[in-house]
Amino acid sequence: MMSEREEQVGYDVHATEARWQPVWESLDQFRADDDSAKEKRYALTMFPYPSGDLHMGHAEVTALHDVLARYWWLRGYEVMNPMGWDSFGLPAENAAIRNDEHPATYTYANIETQAASFKKYAVSFDWSRRLHTSDPEYYRWTQWLFLKFRERGLAYQKFSPVNWCPNDQTVLANEQVVDGKCERCGAEVTKRELNQWYFKITEYAQELLDDLDVLAPTWPDRVVTAQRNWIGRSEGAHVDFEVEGRDEPLTVYTTRPDTIFGTTFMVVAVDAALAAELVTEERRPALEAYREEIRAASDIERLATDRPKTGVDLGITATNPVTGEQIPVWATDYVLADYGTGIVMGVPGGDQRDWEFATKFGLPIVRTTQTPADWEGEAYNGEGAAINSPAAGVDVGLDINGLAVAEAKHATIAFLEQAGTGRGTVNFRLRDWLLSRQRYWGVPIPIIHCDSCGEVPVPYDQLPLELPELKGADLKPKGTSPLAAATDWVNVDCPECGAPAKRDSDTMDTFVDSSWYFLRYCSPNDDTRAFDPAVANAWMPADIYVGGVEHAVLHLLYARFFTKVLADMGLLEFREPFSAQLNQGFVINRGKKMSKSLGNGVNLGEQLAEFGVDAVRLTLVFAGPPEDDIDWAEMSPGGSLRFLQRAWRLSGDVTSPAGTPFAPGGGDLALRKHTARTLHDAAELVESFRYNVMVARVMELVNATRKAIDSGAGPADPAVRGATEVVAMLLSLVAPYTAEEMWERLGHQPTVARATWPDVDPALLVEDSVTAVVQVQGKVRARLEVSPDISEADLEAAALADESVRRALDGAEVRKVIVRAPKLVNIVV
9 MMSEREEQVG YDVHATEARW QPVWESLDQF RADDDSAKEK RYALTMFPYP
59 SGDLHMGHAE VTALHDVLAR YWWLRGYEVM NPMGWDSFGL PAENAAIRND
109 EHPATYTYAN IETQAASFKK YAVSFDWSRR LHTSDPEYYR WTQWLFLKFR
159 ERGLAYQKFS PVNWCPNDQT VLANEQVVDG KCERCGAEVT KRELNQWYFK
209 ITEYAQELLD DLDVLAPTWP DRVVTAQRNW IGRSEGAHVD FEVEGRDEPL
259 TVYTTRPDTI FGTTFMVVAV DAALAAELVT EERRPALEAY REEIRAASDI
309 ERLATDRPKT GVDLGITATN PVTGEQIPVW ATDYVLADYG TGIVMGVPGG
359 DQRDWEFATK FGLPIVRTTQ TPADWEGEAY NGEGAAINSP AAGVDVGLDI
409 NGLAVAEAKH ATIAFLEQAG TGRGTVNFRL RDWLLSRQRY WGVPIPIIHC
459 DSCGEVPVPY DQLPLELPEL KGADLKPKGT SPLAAATDWV NVDCPECGAP
509 AKRDSDTMDT FVDSSWYFLR YCSPNDDTRA FDPAVANAWM PADIYVGGVE
559 HAVLHLLYAR FFTKVLADMG LLEFREPFSA QLNQGFVINR GKKMSKSLGN
609 GVNLGEQLAE FGVDAVRLTL VFAGPPEDDI DWAEMSPGGS LRFLQRAWRL
659 SGDVTSPAGT PFAPGGGDLA LRKHTARTLH DAAELVESFR YNVMVARVME
709 LVNATRKAID SGAGPADPAV RGATEVVAML LSLVAPYTAE EMWERLGHQP
759 TVARATWPDV DPALLVEDSV TAVVQVQGKV RARLEVSPDI SEADLEAAAL
809 ADESVRRALD GAEVRKVIVR APKLVNIVV
């Protein structure tokens, strides 16, 4: 028998990697055939941004993703597993500014580095479908889609207060502001009033919400919940409050119209244009000072429950449409201009923020819902009978006193609709998608602004509208897009009237690029259209989408929106892009997220150099369930390597000829059963994403095979060959180099990744006996081989009769015997 040292010398991981890489490349074994008669499977992983070489996060997600893609190939499916790069964006632009170069220099150099690393890492990508979103051949169709959305009324421009990152000098969508900070650079986000482009995602809010019910069984719960909360559907009413001397009423949205009797003031978003329109001249200086004071506050800060309430009385009153009372109108920062109507009716008895505001400024507080007997709080918005609606002795034509909340809401809405002062409605927290960016390295917005013709689309036959050549200092942010200063590019004749005009100088949010890339993979070289609908409909929706939970709202919501619009355009036959989704956890180190400042970073290249690709991949897959975080400090890639060497050694010990049937009538029956059970269970484990358990079963099979070789069956036993071939096939899902080497040593031609999954003889899955564990006071005292269908009574009797158990009891009185036939007996004394 080889020593461990001899075994390690015999299996040179780096020589193995160098040997098989060119072989696989020449075989092109993972090229998907659009015309194949096989059942199709689309394995999709979130494509990376090209910021340097691959890191541990890339290693984890692609190792997990590859298990399922390779499994589908073995099961006989035609598998599309493409790869590309999300290659526009700020990091490349900022690097170009630092290095006085074009962003493409940084971007494409990193892409080539990552592509080489992915190939070394042996991920089963179909490289014929490779794409980069910064290629004009790709973003031509992003611009085409923008114009098609605009034709459908789904892309529009408007002035509004927007999130502004002072560091990156660009606007941000609401989804890109995390705890009041820019998600990319961490700078405090402020507000600016700008004319920006939006996608009307709110048009699809209800469908985006409804279809989460369809996705819930196959998507992670936290992703579905995050999207439900972000869309934020609520039912209520729009209510009109008249203002003397103003033609248009102030319209508020409320989820509790039944509390209108407790409305003692109104508040308008301080940064809304309406506040400046309503304020009296006497109060205007106070409003302007207040607006300047809150200008730097983010939406998150403004909505914080512990933020002190501030405001300015606008000097006007509005009429409560039910009571007829005149109530003051204030401007405040705890109302947002782009939520609802930007106006809120102040009901301090039912809203804690309103309570705090009324208390600070001495405004009346009227409860309209009966509080529970033990209520000790302030504002109350729970269930209870309506009170003071109206107050005693007052007759306004509506009396909801005593009604439960639902009945009171219904009655109030009916009254408002009959009076013409309100209407029942549904509202969503979801806002339209702000897609303009004031930076260079992105898709140019294909719109020309003409003083005579207004917004004019770039003609389709002039797409792509390519970026001009800017680099270095010309890219520095100036509060407007660097493209605005590129006069030769910006200044253009209007396509409609021929007069001097200007191109739109903003570029698109990179989330636009990634909202449809999975469709382009289906026909990446088609230069006549964004994608071939027939091919896309054949492959999609993607059967699995693997990626980080950090994209639970942004990317996934946008991709779902795009898919629904394209279906309405008649290009797709499905309305959801991803049938199932798998989120991987994070790779951390010493209990914390990897960080240069903490000094706990783990360099992937160093790990690969020390232990080899297969050991790193195996370690990541075996570490635990895919969604759990992996603490690399607790992992043992060295242990993984030693296991792979043991598995490799099996393939050299087999002496039966290649082609020996997998499950012949002869051979070691116990090993044949173990192999059949492993193969059967592996399918269920992979399909339920329990990859780590599948690896554990392979490890057990390796041990069982070694035991069979060393203790009687011998290397010529056909059961040994069958077990070793199954080990090689299952290892190909996580350790492709080792598996390919084993496959060749077993006498087969490359490649194991395209082998045929063996059929399992059902007779081999029938258990003749199982091991029952017997515990006394929680400690294992015996293991009994019993029939799988043994009764609880018989199992209890066998356990109590066992000599080891009798010694452990030592005459003590048995108080209780817990039996879980056929595998467990627990005796309590």
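Going from the sequence shown to my numbering is simple: count from 1 and add 8. Glycine is no exception: its CB is placed at the ideal position from the N, C-alpha and C atoms. Owing to the predicted nature of the structure, the values given are computational and were not obtained by experimental measurement.
Opposing strand residues paired with residue i [DSSP bridges]
i, result
"Q2", "Given a span of 9 to 837 for the chain in the structure shown, any question on residue 2 remains unanswerable."
"Y261", "H246"
"C173", "T178"
"S696", "For S696, which the question treats as bridged, DSSP gives no partner whatsoever."
"E196", "K189"
"L649", "DSSP lists no partner for L649."
"C458", "G462"
"M88", "Y50"
"L626", "L626 is not bridged to any residue."
"D501", "P508"
"A394", "T377"
Residue i (DSSP reduced to helix, strand or coil)
i, result
"L687", "helix"
"M9", "Model confidence at M9 stands at a pLDDT of 38, short of 50, so the residue's coordinates are unreliable; what they give is reported in the following sentence. Three-state result, M9: coil."
"A23", "helix"
"T272", "coil"
"G432", "strand"
"V768", "coil"
"T325", "strand"
"N611", "coil"
"N203", "strand"
"I105", "helix"
"T663", "coil"
"D725", "coil"
"A550", "strand"
"V827", "strand"
"A560", "coil"
"W338", "strand"
"S125", "helix"
"E14", "The predicted position of E14 is uncertain, since its pLDDT is 40 and thus under 50; a value taken from the coordinates is nonetheless stated next. E14 falls in the helix class under three-state DSSP."
"L98", "helix"
"G555", "strand"
"P111", "helix"
"E793", "strand"
"F55", "coil"
Cβ separation of residue i and residue j, assumed to be a contact under 8 Å, to the nearest whole Å
i, j, result
"P503", "L155", "Not a contact, Cβ separation roughly 12 Å."
"A393", "G370", "About 29 Å; that fails the 8 Å criterion."
"Y114", "A103", "4 Å"
"W765", "G84", "7 Å"
"R148", "P476", "The pair is not a contact, with the Cβ atoms about 16 Å apart (cut-off 8 Å)."
"V337", "T377", "In fact, because the Cβ distance is near 24 Å, the residues do not count as touching under 8 Å."
Proximity below 8 Å, CB of residue i to CB of residue j
i, j, result
"E4", "S136", "Any answer about residue 4 is impossible in this case: the structure gives the chain only from 9 up to 837."
"S777", "E793", "yes"
"V768", "V735", "no"
"A743", "L626", "yes"
"V710", "A721", "no"
"E3", "G607", "There is no way to answer for residue 3, as the model of the chain reaches only from 9 to 837."
"F436", "T210", "yes"
"E290", "G323", "yes"
"D802", "V782", "no"
"L483", "E101", "yes"
"V343", "V276", "yes"
"M274", "A326", "yes"
"G556", "Q592", "yes"
"S664", "R78", "no"
For this session: Taking 8 Å as the threshold, find out whether the segment 393 to 412 comes into contact with the segment 293 to 303 through three or more Cβ pairs.
Result: Contact between the segment 393 to 412 and the segment 293 to 303 is not established, with fewer than three Cβ pairs separated by less than 8 Å.
Problem set entry | Inter-stretch contact (C-beta, 8 Å, three-pair minimum) for the segment 22 to 30 and the segment 56 to 64 | Between the segment 22 to 30 and the segment 56 to 64, the count of Cβ pairs shorter than 8 Å is below three; the stretches do not touch.
For this session: Take every Cβ of the segment 486 to 502, pair it with every Cβ of the segment 521 to 529, and state whether three or more of those distances are shorter than 8 Å.
Result: The answer is no - the segment 521 to 529 does not touch the segment 486 to 502, with fewer than three Cβ pairs under 8 Å.
For this session: Tell me, please, whether the segment 563 to 575 touches the segment 600 to 609 by the rule of three or more beta-carbon pairs shorter than 8 Å.
Result: These segments do not touch.
Exercise. Is there contact between the segment 476 to 496 and the segment 440 to 452, where contact requires at least three CB pairs shorter than 8 Å?
Worked result: The segment 476 to 496 is in contact with the segment 440 to 452.
Exercise. Taking three-plus beta-carbon pairs below 8 Å as touching, is the segment 457 to 470 in contact with the segment 258 to 273?
Worked result: Fewer than three beta-carbon pairs drawn from the segment 457 to 470 and the segment 258 to 273 are found closer than 8 Å, and the two stretches are therefore not classed as touching.
Exercise. Is it true that the segment 650 to 665 meets the segment 741 to 759, where meeting means three or more beta-carbon pairs spaced less than 8 Å apart?
Worked result: In short, these stretches touch, since the Cβ pair count reaches three.
For this session: Could you say if the segment 222 to 242 and the segment 315 to 324 meet the contact criterion of at least three C-beta pairs nearer than 8 Å?
Result: Here the segment 222 to 242 makes no contact with the segment 315 to 324; the two share fewer than three CB pairs at distances below 8 Å.
For this session: Would you check if the segment 185 to 195 and the segment 417 to 425 touch, i.e. whether three or more CB-CB distances between them fall below 8 Å?
Result: The segment 417 to 425 is not in contact with the segment 185 to 195.
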